[in-house]
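Report on one structure; see the data block that follows.
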Amino acid sequence: MAVATNVSRFEGVKMAPPDPILGVSEAFKADTDDLKLNLGVGAYRTEDLRPYVLNVVKKAENMMLEKGENKEYLPIEGLAAFIKATVELLLGADNDVTKQGRVATVQGLSGTGSLRLGAAFIQRYFPGTQVLISSPTWGNHKNIFNDAGVPWSEYRYYDSKTVGLDFEGMLADIKAAPSGSFVLLHGCAHNPTGIDPTPDQWEKIADVIQEKNHTTFFDVAYQGFASGSLDEDASSVRLFVARGMEVFVAQSYSKNLGLYAERIGAINVVCSSSEVANRVKSQLKRLARPMYSNPPVHGAQIVANVVGNPVLFDEWKSEMELMSGRIKGVRQRLYANLSAKDKSGKDWSFVLRQIGMFSFTGLNKAQSENMSSKWHIYMTKDGRISLAGLSLSKCEYLADAIIDSYYNVS
Ligand code: PLA
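Per the working numbering, the sequence shown starts with residue 286, numbered consecutively.
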């Protein structure tokens, strides 16, 4: 007979460190000071710093209620209307590759789950092949490929001296990697730096990737948030596809439709023929089935109803411009406050040049810690602040905190 003991079977389980991004929200919640500000996670807030549910999302949900949508299981690949809408949003409504049936698309658990499915596919079909990741990158990329058993290495991306793109370094590292590697690129609004290649630089990146027979893996988590235009922000992906390149693209609707908690996104693999695409899709489904069986329906219906409905689609574009416009506004105000308060002549204009939800401030770990411990401003330790969580009225306070941390903490 088994004897109950108070020695746990799990005695050897160590405490995991808090997540570098989502852990910031936990620390923010625990702070009781009225001045506190959460600039950690990239989640859009209104000017009075409240979460925002898009009007088009509310309208789509009403339509779904009226139609009386059911809760049956979806097919493993997801909702058909969603898949049609998501590819069109990515590649344009009238693109050749979908007409030719060359895109394998499977609905994923938002951007993260879609990246994870793509990574599992790479591990299964190209075991041991490395993925090149930008330095720096979104913190979770490394976890995703680690857990999928895909080795990775880094390519140079950010140049701290110019606070810009280390384009020569980037190209050299992609060139130096073994032929046939996978190259992870942020489709737009690079996280955390807010620095994207120019159209001309995208062409040159594509040249090197083609020359080396590498395969691109685009992470498109911010379509619409870089320029405010959904089409313009997909131009990097469209450029590669127009060149006839086979690419992976992970999409997320967390930010652009504000569907963070719905976990809705997709993994797309653009293939050289419809025949290959069919086989790739069958294998993506085979990977998904034992992981989570099939995806949730609610977010997929929202996306299908917004993107697939010309009236709501136009309304979404305006709301998208409104959100990205608000972020551009706080960018300008923050820059103005920093420049006015800092008498040293330091050039803060990088705040204006960076795009998307974030600003990469250049604050180091100790300085970022000072931002939270002294000023109650929560941010990631790599010096990133989410401007999507900032209001015009808080810019001055933030500028004071940044200047204090930058000059008084080493
Ligand atoms: N890819 C990039 C580059 C991201 O920044 C994020 C989210 C994702 C994918 C995945 O988002 P999803 O799974 O919700 O679609 N990055 C956030 C949140 C906004 C996070 O870390 O999960 C961030 O604050 O960096």
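Virtual Cβ for every residue (Gly too), placed ideally from N, Cα, C.
_Start-to-end residues for the beta strand (DSSP E) that takes in W437_ = W437 to R441
_Beta-carbon contacts of F598 that lie in its chain and below 7 Å, excluding the five residues immediately before and after_ = V591 and V592
_Nearest neighbour of F430, chosen from Y440, L469 and Y443 [CA to CA]_ = L469
_Rounded to whole angstroms, what is the Cα-Cα separation between A474 and G614?_
17 Å
*Cβ-heavy atom distance between Y577 and the ligand PLA below 7 Å?*
no
_Give the residues whose C-beta lies closer than 5 Å to at least one heavy atom of the ligand PLA, in chain order._
I306, V326, G327, S395, G396, T397, W423, N476, D504, A506, S537 and S539
*asked:* Considering only their Cβ atoms, is the gap separating A404 from A562 smaller than 8 Å?
replied: no
*Using the rule of at least 16 other Cβ atoms within 10 Å of the residue's Cβ for burial, across every protein chain shown, is D432 buried or exposed?*
exposed
*If you follow the alpha helix (DSSP H) that A621 is part of, which residue opens it and which one closes it?*
P595 to K626
_Where S419 sits in the DSSP three-state scheme_ = strand
*Euclidean distance between Cα positions of K460 and G434*: 24 Å
*Alpha carbon to alpha carbon, what distance is there between K566 and K344?*
32 Å
*When the distance is taken between beta carbons, is N425 closer than 8 Å to Y663?*
no
*Does the segment 309 to 326 come close enough to the segment 570 to 584 that 3 or more CB-CB pairs lie under 8 Å?*
no
*Across which residues does DSSP place Y577 in a beta bridge pair?*
Y577 is not bridged to any residue.
_For D504, report the span of its beta strand (DSSP E) as first-last._
T500 to V505
*L469, enclosing alpha helix (DSSP H) - first and last residue*: Element bounds for L469: not the alpha helix (DSSP H) but the beta strand (DSSP E), F467 to H471.
*Kindly confirm or deny that the segment 438 to 445 and the segment 529 to 540 touch, where touching means at least three C-beta pairs closer than 8 Å.*
no
*By the 10 Å Cβ neighbour count, where 16 or more other Cβ atoms means buried, how is E547 classified, buried or exposed?*
buried
*Short Cβ contact (8 Å threshold) for K626 with A686*: no
*Curious, which full-length alpha helix (DSSP H) runs of at least 4 residues does the segment 620 to 673 contain?*
635 to 638 and 650 to 658
*Thinking Y507 and N541 are a contact (beta carbons under 8 Å), I'd like their distance in whole angstroms, please.*
7 Å
*asked:* Alpha carbons only, please: which of M656, Y692 and G668 is nearest the one belonging to Y682?
replied: M656
*asked:* Going by DSSP in three states, L322 sits in which element: helix, strand or coil?
replied: strand
*Among A462, N498 and A511, which has the Cα closest to the Cα of P482?*
A511
*Close-in-space but distant-in-sequence residues of the same chain around K321 (CB under 8 Å, 5 per side omitted)*: F313, H661, I662 and Y663
*Looking at V526 and V382, is the spacing between their C-beta atoms short of 8 Å?*
yes
*Strand pairing of D444, partner residues [DSSP]*: G449
*With Q385 as the anchor, note down where its alpha helix (DSSP H) starts and where it stops.*
Segment: none, Q385 is in no alpha helix (DSSP H) and carries neither H nor E.
*On the premise that L672 lies in contact with R283, defined as a C-beta separation below 8 Å, what is that separation, rounded to the nearest angstrom?*
Residue 283 is absent from the model: the chain starts at 286 and stops at 695.
*Quick one, which of N594, S629, E600 and L623 has its alpha-carbon nearest M349's?*
N594
*Taking just the CA atoms, how far does D516 sit from L374?*
8 Å
*Let me know the beta strand (DSSP E) ranges lying completely inside the segment 516 to 545, each 3 residues or longer, listed in chain order.*
532 to 537
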